[in-house]
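Participant:
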Amino acid sequence: MIAIEVDERMIAALQESAPTVDVRRLDALKVDLSELLQELPEPRGIVSNLPYYITGPLLTRVSEARQHWSKAVLMMQKEVGERVLALEKTSARGSLSVYLQSQFHIRRVASVPGGAFMPPPRVDSVVLELTPKTEAIDNEALYFKVVRVAFTQPRKTLINNLMGMGLTREQILANLLEIDLTEKARPQELNLAQWQQLVDAISRR
Numbered sequence: 006m007i008a009i010e011v012d013e014r015m016i017a018a019l020q021e022s023a024p025t026v027d028v029r030r031l032d033a034l035k036v037d038l039s040e041l042l043q044e045l046p047e048p049r050g051i052v053s054n055l056p057y058y059i060t061g062p063l064l065t066r067v068s069e070a071r072q073h074w075s076k077a078v079l080m081m082q083k084e085v086g087e088r089v090l091a092l093e094k095t096s097a098r099g100s101l102s103v104y105l106q107s108q109f110h111i112r113r114v115a116s117v118p119g120g121a122f123m124p125p126p127r128v129d130s131v132v133l134e135l136t137p138k139t140e141a142i143d144n145e146a147l148y149f150k151v152v153r154v155a156f157t158q159p160r161k162t163l164i165n166n167l168m169g170m171g172l173t174r175e176q177i178l179a180n181l182l183e184i185d186l187t188e189k190a191r192p193q194e195l196n197l198a199q200w201q202q203l204v205d206a207i208s209r210r
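The sequence shown begins at 6 in the working numbering and counts up by one.
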């Protein structure tokens with residue numbers, strides 16, 4: 006096991022409580038996780054209590070290294086976890102939901118109240134298990150770009166948001182009609198299959 010800790014004050018405590026663990030003073034937002042993971046035998050996993058203030062960026066780093074691990078068990082603030090799990094046609098659904106659900110099978114492992122910690126934080130947490138999907142995302146770079154732009158202003162329609170990609174209103178409307186969506190469609194309404202269909206339609210333009 007390799008443990009990453011950026012706070013030097015915690016290194017000695019970690020080494021004392023887990024003497025067989027390789028504890029390294031590294032910044033999880035800067036270290037090459039793929040390179041680090043490849044130092045370990047397979048199957049590999051990632052376990053973390055994600056710092057609340059950098060949960061989003063860390064989830065991105067973890068997902069970018071998904072080819073090198075088979076399971077991740079991550080604790081995060083409840084509100085972030087709810088966004089990760091949010092299904093289509095719900096207000097909590099956003100680009101993070103689509104980004105992670107497109108790449109992983111996600112399961113809620115446990116809910117963790119603030120009182121489980123000492124001292125207790127003012128927020129509750131949730132533990133999620135992520136398992137990489139085996140099927141590839143077609144046009145992956147374009148897929149994630151479309152999702153990101155589509156949720157720029159979630160309350161606006163897909164047409165208004167996607168015009169930020171340099172597409173005309175007519176082009177976007179044609180793409181939406183091609184997959185049986187209307188001009189009033191909003192990003193929260195699409196399921197994963199529809200996102201892939203939309204990206205495929207845009208890629209043919």
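Glycine is no exception: its CB is placed at the ideal position from the N, C-alpha and C atoms.
#1: Starting from the C-beta of PRO126, find all residues in its chain whose C-beta is less than 6 Å away, skip the five residues before and the five after it, and write them out in chain order.
#2: Going by DSSP, what residue range makes up the beta strand (DSSP E) through VAL114?
#3: Provide the residue span of the alpha helix (DSSP H) that contains GLN193, from first to last.
#4: Based on Cα-Cα distance, which residue from MET6, ARG30, THR25 lies nearest to ILE16?
#5: Consult DSSP for ILE59 and reduce its assignment to one of helix, strand or coil.
#6: Of all the options THR95, ALA91, LEU197, LEU133, which has the alpha carbon lying nearest to the alpha carbon of ALA141?
#7: Tell me the DSSP secondary structure of LEU144 in three-state form.
#8: Please state whether DSSP places ALA70 in a helix, a strand or coil.
Facilitator: Quick look at the numbers:
#1: GLY119
#2: 109-117
#3: Looking at the DSSP string, GLN193 is not in any alpha helix (DSSP H), and its letter there is neither H nor E.
#4: ARG30
#5: helix
#6: LEU197
#7: The identity of residue 144 in the sequence shown is Asn, whereas the question assumes Leu. Here ASN144 sits in coil by DSSP.
#8: coil
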